[in-house]
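In our numbering, the protein residues as written are 257 to 831.
Each residue gets a CB set at the ideal place from its N, CA and C atoms; glycine is no exception.
Written below as structure tokens is the structure these notes are about.
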């Protein structure tokens, strides 16, 4: 479903792969089951922000070398796995030879510091520093760089795109990437052997690093907006035949993953419903990619009582980005099957449709989609712990927050349709916790968080409706014949044997008491309405691990055919 979003009195194109298109679908189709709610009638509250850039009030603000180095570390962490625009030699030159830098190199230096300050987001001063450096670099970019195309100009516009994406200026970011891609083709970066012929002139692998960074940002940005890539597909050369930096495993992995994601988006954008065979082929390609990832990207261990070091911080965020690309890609492939599966379930449960044939393969792919969203929720919970413990830069998680929001919509939709498993509620809470953590530094995350909050309220309202409907049906045909009142004092004395413990009633009472105290979020509100669900506030991870969940066993094998989890262990020290 293709959407047009109204922004500041003009329409912008949002395609099928965007989470906003899926949000629009949910609002329109769930309204017939739950009625008018702030979520279903939320079209006027568009969650896609296009903010104005902060005004620069401290043009003459000066940072010393130590402060600039700290901001560059923050930049390296925020862009880990996504950009590889500066080598260690480049960084040293930018820091130590600032006065002697060429104007275009100085602009790139300023943009790196702007992104670092934006990502650190430690207060109003960081916001002003980011605005100052961005304004200065942007001015230099548009003076005469468009008529003097160079590698540094391509690098600068990639940095401008990354910054504006984090500043909730998605359309500006898309435009900057368009300029960068055209300039890259003018320079011949798309030619397979250009990096080798001009290596002595441009520096070792500089052309490749800039080209690959552009391709990654182009695919990832296009996928979250549902728009075609600005780099023509035919110009991309075979990444498997090119040298990659062994010191950048996350960047190399995302480069290959982005190529697979590009295939996914290309197929989904045809306007034709994806079939099972095509979906399975795409999933198998992703599975092969994930299984070939180096071990260092599949597990991360640290002691949550002590903050991460500089290298570990960058490594952690790079692995988070790798995982996010994977889960997002799986969700995009399988979301159409989830939609059909859950809509059919809702129609059956509501009595609108009595005879439907369930396609086992489509149902399995729907479970794969739910599994990927659950993994994303678990990743969010672990990431929040790391961000809090080690004060990681979270002010420009421009791509991750969008992937997170998309997973939250999948989880909420699954819960709405009656998926009762505890993991859904736990994962949904993890997504909400992540967005809430970064919303102070990101207005876009605040919008996402508020949207999911209204979704949670809508789920609770729907559960109340279905519960009352079931009670009315029961009251039509059955009465409680005998009520036995047991005297409490006699029961305590042992004169009357105590009744067997009713676990369902206890769970419901516990959930209701938790909700009355204002504890928890979605899990508590749903549990108070549906006695079959336990309150998240009353159950810990140890309790959950001890239980037997038969419904998981029925489809675990199906989901694991296509899905891989990327483990984060915060209980042990890094080896």
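- Annotated three-state conformation of residue 462 is helix, per DSSP.
- The C-beta distance from residue 691 to residue 657 rounds to 7 Å, short enough to fall under 8 Å.
- In this structure, the alpha-carbon of residue 545 lies about 8 Å from that of residue 512.
- Secondary structure note for residue 557: its beta strand (DSSP E) is the uninterrupted segment 555-557.
- The stretch 574-591 makes contact with the stretch 620-629: 3 or more CB pairs, one atom from each, lie closer than 8 Å.
- Cβ contact annotation for residue 537 (same chain, cutoff 8 Å, sequence separation greater than five): none.
- Residue 306 sits in a strand when the DSSP states are folded into three classes.
- Residue 475 has its alpha-carbon roughly 32 Å from the corresponding atom of residue 297.
- The straight-line gap separating the alpha-carbon atoms of residue 413 and residue 368 is approximately 12 Å.
- Here residue 576 is not near residue 553, since their CB atoms are 7 Å or more apart.
- Judged by their CB atoms, residue 667 and residue 650 are not nearer to each other than the 7 Å cut-off.
- Nearest neighbour of residue 697 by Cα position, chosen from 424, 388, 348 and 390, turns out to be 424.
- Between the alpha carbons of residue 568 and residue 331 lies a distance of about 14 Å.
- The beta carbons of residue 663 and residue 629 sit about 4 Å from each other, so the pair counts as a contact at 8 Å.
- Residue 429 counts as buried, since at least 16 other C-beta atoms from the protein chains shown sit within 10 angstroms of its C-beta.
- Where residue 361 is concerned, the enclosing alpha helix (DSSP H) starts and stops at 359-376.
- Residue burial is scored here from C-beta neighbours: residue 518 has at least 16 other C-beta atoms within 10 angstroms and is therefore classed as buried.
- Here residue 573 is not near residue 378, since their CB atoms are 7 Å or more apart.
- Counting every other CB atom within 10 Å of its CB across the protein chains shown gives residue 741 a total below 16, marking it as exposed.
- Under the DSSP assignment, residue 624 falls in the alpha helix (DSSP H) whose first and last residues are 616-646.
- Inclusion of residue 640 and residue 427 in the CB contact set at 7 Å is not warranted, their separation being larger than that value.
- For residue 435, the closest alpha carbon among the candidates 290, 723 and 488 is that of 488.
- A residue is called buried once 16 or more other Cβ atoms fall within 10 Å of its Cβ, and residue 531, having fewer, is exposed.
- Per DSSP, reduced to three states, the secondary structure at residue 666 is helical.
- For residue 385, the uninterrupted alpha helix (DSSP H) run begins and ends at 380-397, by DSSP.
- When DSSP states are grouped into helix, strand and coil, residue 429 belongs to the helix group.
- Looking at 594, 659, 468 and 438, the one whose alpha-carbon comes closest to that of residue 581 is 659.
- In the three-state scheme derived from DSSP, where H, G and I count as helix and E and B as strand, residue 740 is classed as coil.
- A Cβ-Cβ separation of about 5 Å places residue 687 in contact with residue 636 under the 8 Å criterion.
- CA-CA distance, residue 485 to residue 478, rounds to 6 Å.
- With 16 or more other Cβ atoms inside 10 Å of its own Cβ, residue 601 counts as buried.
- Going by DSSP, residue 730 is part of the alpha helix (DSSP H) stretching over 699-733.
- Look at residue 694 here: in three-state DSSP terms it is helix.
- Of the residues assessed, residue 358 falls on the exposed side of the cut-off, its CB having fewer than 16 other CB atoms within 10 angstroms.
- Across the structure, residue 737 and residue 596 are spaced so that their CA atoms are roughly 43 Å apart.
- For residue 401, the CB contacts under 6 Å within the same chain, skipping 5 residues up- and downstream, are 409 in chain order.
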